[in-house]
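Reviewing the structure listed below.
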């Protein structure tokens, strides 16, 4: 009742608005020349309502005080700023802080003591409030409302109050309050003496009825009183008591509405919060006890504040858990996810997190699934005797699964972090830790990957996969030698193909040190003799390795020794006669060592290579032209390419192979060969569209007629469609797209790309 009668600090401040304004001119007169600016600006900002800026400026002015007069003026301005800040705040504790600060600067200001008493009253600190009001009476005894508030405070603190000096309405109101606060039953009847400090006597009549009879429920009387006394400080109290009266009448809906109105009007007392919480618990717990989970969820949706009560939050979370389970049982995963997400907001359970993770995965929500799995790991029981305890391998497996979820959405950083967490719980699991290494390598964290591999090898020095990965990392670093690593792998498993090939490549790189692109050029050049020695050492370590035999043959040829070169080339062929790349290189290098007869001898065996493509022979012809080995050899190989046309696995047609041979001849400057294949196109495939293709080719290269060439290409396409020549149609389509793609670029660039494609085919 004390707070109801005070009415709040904001109301009193409005009544004294004119008194609160600062006189600017007297302040200016008391300031020094250098410090006047900040203080005057503080006053201007205060009048505009900018209390923060005013406080900063006034503090600056106080710091530069040069005289007692100026110090006094600055302190008065600071006190006013804090007072205004208290007036504008709606939080009692914040108001009290500002009023305390203001009193530091002007400790004898009566209005500050008065308002501090009001705020202390709102905070329920009634003895302190009375002390402040008494201090106000000493300094300003005639302050309006002070006499009534002092006696009300005395009454509220159990002291004797006096009616002298009070208006009749004030004295009559205090008598009613005294009756309400009396210990024991009220005397019958308790008469009301008017006038009273309220609009109508309904408020006091209702309160006296409820005080006199524990079963009295004057709901209508309190509603009428609230309608007449509309000011929030009074109406919120009346709404609260109307809620109490409605509860006495077992009208829970009215009680709840009244208490919500009281809270909306600013009432924030512990008993209001407790009453609302108790009512909400009742509405939620009753259906929960009989498993009516949807009713629980519906009630929680109507009252969002249910999450602030731990018991209610757990009950609501349990309801959503059951609703999600029912939806999942019915295969309604979207509904299950919605319910379990809401449950996850209320309760913390590893069972719930696991179910939510599975549901998110079912819907392809990979990030949400990963987060739910992480929650599940965090919430797992930590005591080893718990039935749901997870050991380290199980935790590592979950983190590994989290990484897979993130991998679905290319969240590479999260994948790496999750695999690190998995490795932390799998110190002795090399396979799990190798997954981390692979991810580190994929993200180019090579140093970290190498360190992790070293740790694995400390535990398992003979771990073949770890050694292979370390060798691959060392291969990419100029300051590391991978060869010892590959030797360790082969010592463990002599059949490890990766280690054999990488060790062979390392020998080849050293033997080719005189080539411009060799990474070993740093160590200096050496002769073919030294290269031969290195390759022979490699063959001792890797007997009959075809790449080393092939390179040894090439190196002997460079040294001018064709006989041993031919021998090693034939050895390379014999040990890898089914390897298209080795076979192609051997055929070409045999021509270099003047062994064309051997090439012709090997030809029947080469033709038996399974699914050999025309591109293999076309590339042989291209290399023969490029190395100036004779147009007759290019024609020889082109003829072999034509012989493959018609095989089930060959897409090229005769016309398209003839065109490719023509283009390669043009690219390498073999004029006679180019004429030969142009004539063969005209004689052997005249209707295929290949003639128009050659005309387009020549228009572009000889006359730079782009439009004319495009026109001929389209004619070639029409002819190819008519004769169903898929090979010419494909080539013409690529050229048309090339012409349409942008500015003019030489055909040779496109053809160069095509030749690389052929090279990949036979490699």
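In the working numbering, the protein residues as written are 6 to 768. Beta carbons are placed, not taken as given, at the ideal position from N, Cα and C, and that holds for glycine.
Exercise. Identify which residue in 269, 255 and 221 has its Cα closest to the Cα of residue 238.
Key: 269
Quiz item: CA-CA distance, residue 3 and residue 330?
Solution: Because the chain here runs from 6 to 768, residue 3 falls outside it and cannot be looked at.
Quiz item: Do the region 270 to 283 and the region 228 to 245 meet, that is, are 3 or more Cβ pairs less than 8 Å apart?
Solution: Contact between the region 270 to 283 and the region 228 to 245 is present: 3 or more CB-CB pairs across the two stretches fall below 8 Å.
Quiz item: What separation, rounded to the nearest whole angstrom, lies between the Cα atoms of residue 113 and residue 79?
Solution: 16 Å
Quiz item: Quick one: does the C-beta of residue 206 sit closer than 7 Å to a heavy atom of the ligand ZN?
Solution: Among the ligands in the structure shown, none appear at all, so the ligand ZN cannot be discussed.
Practice problem: Look at the alpha carbon of residue 384 and the alpha carbon of residue 353, and state the distance between them as a whole number of angstroms. | Solution: Counting only the Cα atoms, residue 353 lies some 7 Å from residue 384.
Self-check item: Inter-residue Cα distance where the pair is residue 413 and residue 60
Solution: 55 Å
Quiz item: Hey, residue 221 and residue 215: beta-carbon distance below 8 Å or not?
Solution: Yes. Within cutoff.
Self-check item: Helix, strand or coil at residue 732 according to DSSP, with G and I counted as helix
Solution: helix
Quiz item: Nearest CA to the CA of residue 510: which residue from 477, 595 and 532?
Solution: 477
Quiz item: Just checking my contact of residue 623 with residue 669 at CB under 8 Å: how many whole Å lie between their CB atoms?
Solution: 7 Å
Quiz item: With a Cβ-Cβ cutoff of 8 Å, do residue 301 and residue 283 count as a contact?
Solution: no
Quiz prompt | Whether residue 115 touches residue 103 by CB criterion (8 Å) | solution = Taking the C-beta atoms as reference points, residue 103 is found no nearer than 8 Å to residue 115.
Practice problem: List the endpoints of the continuous alpha helix (DSSP H) containing residue 222. | Solution: Element bounds for residue 222: n/a, residue is neither H nor E.
Exercise. Identify which residue in 334, 157 and 637 has its Cα closest to the Cα of residue 123.
Key: 157
Practice problem: Check whether the Cβ atoms of residue 470 and residue 441 sit closer than 8 Å, and answer yes or no. | Solution: no
Quiz item: On the three-state DSSP scale, how would you describe residue 632?
Solution: coil
Practice problem: Pull up the CB-CB distance for residue 714 and residue 733, whole angstroms please, since I reckon it's below 8 Å. | Solution: No, residue 714 and residue 733 are not in contact; Cβ-Cβ is about 15 Å, not under 8 Å.
Quiz prompt | Closest by C-alpha distance to residue 468, when choosing among 479, 298, 347 and 434 | solution = 434
Practice problem: Could I get the ranges of all uninterrupted alpha helix (DSSP H) runs contained in the region 418 to 466, with 4 residues as the minimum, in chain order? | Solution: 435 to 447 and 451 to 464
Self-check item: Nearest candidate by alpha-carbon position, reference residue 515, set 626, 327, 595 and 534
Solution: 534
Quiz item: DSSP on residue 560, reduced to helix/strand/coil?
Solution: helix
Quiz prompt | Span separating the alpha-carbon of residue 460 from that of residue 480 | solution = In a straight line, the C-alpha of residue 460 is about 19 Å away from that of residue 480.
Quiz item: Does DSSP put residue 43 in a helix, a strand or coil?
Solution: The three-state secondary structure of residue 43, taken from DSSP, is helix.
Quiz prompt | Status (buried if at least 16 other CB within 10 Å, exposed otherwise) for residue 389 | solution = exposed
Quiz prompt | Where residue 335 falls, given that 16 or more other Cβ within 10 Å makes a residue buried | solution = exposed
Quiz prompt | From 136, 616, 505 and 683, residue whose alpha carbon lies closest to that of residue 4 | solution = It is not possible to answer for residue 4, since the shown part of the chain is limited to 6 through 768.
Exercise. Counting only the same chain and skipping the five closest in sequence on each side, list residues whose C-beta sits under 6 Å from that of residue 561.
Key: 569 and 570
Quiz prompt | Terminal residues of the alpha helix (DSSP H) in which residue 698 lies | solution = 695 to 708
Quiz item: Does the region 641 to 655 come close enough to the region 692 to 706 that 3 or more CB-CB pairs lie under 8 Å?
Solution: no
Quiz prompt | C-alpha gap between residue 614 and residue 705, whole angstroms | solution = 38 Å
Quiz prompt | Residue-level contact to chain C via CB, residue 472, 8 Å cutoff | solution = Annotation note: the requested chain C is absent from the structure, which comprises a single protein chain.
Self-check item: Of the listed residues 686, 723, 677 and 681, nearest to residue 660 (C-alpha basis)
Solution: 686
Self-check item: Nearest neighbour of residue 407, chosen from 373, 394 and 386 [CA to CA]
Solution: 373
Quiz item: Which class does residue 144 belong to by DSSP, given the choice of helix, strand or coil?
Solution: helix
Quiz item: Rounded to the nearest angstrom, how far is the Cβ of residue 639 from that of residue 626, given a contact under 8 Å?
Solution: 4 Å
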